[in-house]
Amino acid sequence: MSVQDLQKSNSQKVLTKRSKPYLPRKLHNQTFWQRLLPLPWDIWPAEARLLLALIAFWSFAGLFILGSASWWVASKEMGDGTYFVKRQVIWLISSWSIAWFTISISLRKWLKLSRSCLLICLLLVIGTLLFGSTINGSSRWLIVGPIRIQPSELVKPFVILQAANVFAQWKRLQIDHKIFWLGLFGGLIALILKQPNLSTAALIGILLWLMALSAGIKFSSLLSTAFLGGLIGASSILINEYQKLRVISFINPWQDPQGSGYQLIQSLLAIGSGGWFGEGYGLSTQKLLYLPFLSTDFIFAVFAEEFGFVGSLMLVLFLTLIAFVGLRIALRCRNNYSKLIAIGCSTLLVGQAIMHLAVASGSMPTTGLPLPMISYGGNSLLSSLLIGGLLIRCALESTGLIGGLEIKKRLN
1 MSVQDLQKSN
11 SQKVLTKRSK
21 PYLPRKLHNQ
31 TFWQRLLPLP
41 WDIWPAEARL
51 LLALIAFWSF
61 AGLFILGSAS
71 WWVASKEMGD
81 GTYFVKRQVI
91 WLISSWSIAW
101 FTISISLRKW
111 LKLSRSCLLI
121 CLLLVIGTLL
131 FGSTINGSSR
141 WLIVGPIRIQ
151 PSELVKPFVI
161 LQAANVFAQW
171 KRLQIDHKIF
181 WLGLFGGLIA
191 LILKQPNLST
201 AALIGILLWL
211 MALSAGIKFS
221 SLLSTAFLGG
231 LIGASSILIN
241 EYQKLRVISF
251 INPWQDPQGS
261 GYQLIQSLLA
271 IGSGGWFGEG
281 YGLSTQKLLY
291 LPFLSTDFIF
301 AVFAEEFGFV
311 GSLMLVLFLT
321 LIAFVGLRIA
331 LRCRNNYSKL
341 IAIGCSTLLV
351 GQAIMHLAVA
361 SGSMPTTGLP
371 LPMISYGGNS
381 LLSSLLIGGL
391 LIRCALESTG
401 LIGGLEIKKR
411 LN
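Position 100, counted from 1, in the sequence shown is what the working numbering calls 100; the numbers after and before it change by one each time, with no gaps.
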């Protein structure tokens with residue numbers, strides 16, 4: 001064997017020896033549960049740890065709030081006071097499994113998948129208009145066996161991802177690509193309006209507008225877009241009679257206290273009955289078949305009656321903390337893609353919650369918008385936890401420790 005062949009074989013042995021222990025010994029000795037983490041827990045950034053704890057508390061506390069709000073209705077209609085809670089527990093376990101899967105997948109892979117997932121959800125939204133199930137005058141659901149799928153909820157995380165994909169490279173995109181994606185986003189909002197679902201359409205429109213603003217798109221262009229969106233929303237209210245009645249009842253609910261203003265009046269009575277410290281857990285009286293949609297669209301009213309002004313203030317402070325952590329994550333992100341994802345996730349989670357509180361307190365017209373992770377509904381819970389998982393992933397990638405080499409240096 002020549003000297004060159006000997007050197008070549010030795011170098012190959014060195015490469016194979018180095019390639020085997022790619023992860024440090026500390027990672028090889030991890031337990032099964034530790035291996036489920038995308039990063040070892042001891043090097044998770046503070047924002048990721050705090051956000052995981054906040055979202056876990058939010059989702060599990062939601063079960064207790066839902067249990068109180070839905071008990072009476074479930075007992076009367078289903079013969080089991082825990083009926084809705086049991087179903088929500090199943091959705092909670094499934095949603096957390098998917099959220100953990102979301103945390104384990106890199107943002108780069110999610111951005112690659114976002115286009116296909118968004119188009120699939122768009123087709124499902126079209127499907128609701130063609131052969132969907134109509135409930136309370138709205139065609140928002142597809143029935144698949146015992147499961148009701150609401151595409152307008154499931155599309156939210158993929159709108160965030162694809163909007164980040166588009167707006168992060170907006171200046172480099174050709175004009176035809178810009179027109180295509182703006183048209184697709186506008187078409188999605190129009191289809192959701194057609195269901196009709198004004199609240200979700202408005203929420204997605206506001207989300208896209210704020211993400212575009214964060215990406216540095218000209219404010220003058222965004223102003224014209226906001227004006228156009230306002231015209232479309234006003235047109236929808238004028239066309240749909242029930243939306244028009246909701247606006248009228250918002251201005252003066254006492255004009256029709258037994259009709260269009262009934263929901264808002266009962267919600268205000270519930271909130272006012274709570275006083276400073278509330279009636280106590282499970283002691284709401286408005287949930288005794290007085291307040292419609294109390295486990296979904298008006299669950300905050302039951303919460304405010306049972307926990308009072310102090311409890312409601314704590315909820316607002318909790319949402320403020322979520323927004324603050326989300327903003328810190330966005331500021332720490334290393335590229336525009338992840339920064340926009342973090343902004344979008346924070347905006348949607350906190351923004352939807354604030355809109356729900358505003359509706360229940362009479363600060364906005366009545367809309368069918370659930371309180372994230374608290375209102376009854378598997379689609380909303382799944383969408384919210386998926387968005388929360390994306391935000392946690394942004395926090396993990398903001399450290400620069402995802403990828404192996406940095407982990408090895410840090411742990412050794």
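Note that beta-carbon positions come from the ideal geometry of N, C-alpha and C, so glycine has one too.
Values in this document were obtained by computation on a predicted structure and should not be read as measured data.
- For secondary structure counted as the beta strand (DSSP E) over 3 or more consecutive residues, the stretch 88-121 holds no complete run.
- DSSP places valine 247 in the helix class (H, G or I) of the three-state scheme.
- Out of Gln162, Ala74, Ser106, the CA that lies nearest to the CA of cysteine 117 is found in Gln162.
- It is roughly 14 Å from the alpha-carbon of glycine 344 to the alpha-carbon of leucine 111.
- The beta carbon of proline 370 lies closer than 6 Å to those of Thr296, Gly377, Ser380 in the same chain, with the five residues before and after it left out.
- Around serine 361, the same chain offers Ile271 as residues with beta carbons nearer than 7 Å, after the five sequence neighbours per side are excluded.
- Nearest neighbour of leucine 288 by Cα position, chosen from Gln258, Arg115, Lys76, turns out to be Lys76.
- In the structure shown, valine 155 adopts coil according to DSSP, grouped into three states.
- Restricted to the stretch 344-411, the alpha helix (DSSP H) segments that are unbroken, complete and at least 4 residues in length are 378-397, 405-411, listed in chain order.
- The Cβ atoms of glutamine 286 and glutamine 263 lie no closer than 7 Å to each other.
- Looking only at Ala202, Ser220, Leu66, the smallest Cα-Cα distance to lysine 86 is reached by Leu66.
- Classified as buried, methionine 211 has 16 or more neighbouring CB atoms from the shown chains inside 10 Å of its CB.
- Here serine 114 is buried: its Cβ has 16 or more other Cβ atoms, across all protein chains shown, within 10 Å.
- For arginine 332, the three-state secondary structure derived from DSSP is helix.
- Between the stretch 59-74 and the stretch 298-312 there are three or more C-beta pairs closer than 8 Å, enough to call the two in contact.
- Across the structure, isoleucine 237 and cysteine 121 are spaced so that their CA atoms are roughly 25 Å apart.
- Under the three-state reduction of DSSP output, serine 284 falls in the coil class, being neither helix nor strand.
- With a 10 Å radius around the Cβ and a threshold of 16 neighbouring Cβ atoms, glycine 261 comes out buried.
- Scanning its chain for C-beta atoms nearer than 6 Å, with the 5 sequence neighbours on each side dropped, one finds around tryptophan 72 the residues Lys287, Leu288, in chain order.
- Shortest Cα-Cα distance from tryptophan 276 to any of Ser139, Val310, Ile105, Val316 involves Val310.
- Counting C-beta pairs closer than 8 Å gives fewer than three between the stretch 94-104 and the stretch 345-364, which falls short of the contact rule.
- The beta-carbon separation of tryptophan 170 and isoleucine 217, rounded to 6 Å, stays under the 8 Å limit for a contact.
- About 28 Å separates the Cβ atoms of glutamate 306 and glycine 326, ruling out a contact at the 8 Å cut-off.
- With fewer than 16 other Cβ atoms inside 10 Å of its own Cβ, valine 144 counts as exposed.
- Taking a contact as a CB-CB distance under 8 Å, the pair isoleucine 103 and proline 40 does not count as one, their CB atoms being some 14 Å apart.
- Following the DSSP letters along the chain, one finds tryptophan 58 inside the alpha helix (DSSP H) bounded by residues 46-78.
- Taking the Cβ atoms as the reference, leucine 340 lies roughly 18 Å from isoleucine 322, outside the contact range of under 8 Å.
- By alpha-carbon distance to leucine 198, the top candidate from Tyr83, Gly229, Asn252 is Gly229.
- The residue among Trp44, Ser346, Leu386, Ala46 with its C-alpha nearest the C-alpha of leucine 203 is Ser346.
- Membership of tryptophan 141 in the beta strand (DSSP E) is indicated by the continuous run 138-144.
- Its Cα nearest to that of valine 166, the residue Ile179 stands out among Ile179, Thr134, Arg140, Ser284.
- Under DSSP, serine 133 shares a beta bridge with Trp141.
- Cβ neighbours of isoleucine 354 within its own chain (closer than 8 Å, five residues either side excluded): Leu319.
- Isoleucine 329 and leucine 391 do touch by the CB rule: their CB atoms are close to 6 Å apart, below 8 Å.
- In the DSSP assignment, isoleucine 204 falls within the unbroken alpha helix (DSSP H) covering 198-214.
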